[in-house]
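Report on one structure; see the data block that follows.
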Amino acid sequence: MADINMAYATSDTEGNPKNATRYTWDMLFAEQCIPKTVDGQYYCKPMPSTYESLMLMIFNCLIFLFLTWYLDAVLPSSNGEPRPLYFFLQPTYWGIEFEKSNKDESSQGKNVFLFLKEA
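Per numbering that gives the first Met the number 0, the sequence shown starts with residue 0, numbered consecutively.
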């Protein structure tokens, strides 16, 4: 449907501009229709507004951007070793590192993890 809305929105640039319907800002949120004739009767098949189509295209772009980022890191390539499937859940991916420390007397020999702040 998005391609139909975009074609409708840009139809005034094609063909004879004197006969074309101008696309205005008021039409951005208006529900469009595709005229159909069945058995001699005219009816309007509804389709989403141009705004809805634009939002759907932006949403699709974001999904494909995420998939590209994720699959680029997970699938093996010649650029190095692939990361595990859960790489974005690891603290080291986000720059958080831990250091083992036995300096705390209250821990009595237990390992204590301290958060290292980056300078």
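C-beta: ideal position from N, C-alpha, C; glycine also.
Chain-order list of residues whose beta-carbon lies under 7 angstroms from that of residue i (same chain, five-residue window excluded)
i	result
L84	V73
Y159	In the structure displayed, the chain extends from 0 to 118; residue 159 sits before or after that span and is not available.
P45	E30, C32
P75	P81
T23	none
Chain C within 8 angstroms of residue i, Cβ atoms only
i	result
E80	Chain labels in this structure do not include chain C; a single protein chain is all it has.
Contact set for residue i: own chain, Cβ-Cβ below 8 angstroms, skip 5 residues either direction
i	result
P90	E96, F97
W68	none
F86	A72, V73, Y92
Which residue spans inside the segment 24-98 form an unbroken beta strand (DSSP E) run of at least 3? 31-37, 40-46
Three or more C-beta pairs under 8 angstroms: does that hold for the segment 47-59 against the segment 19-31? yes
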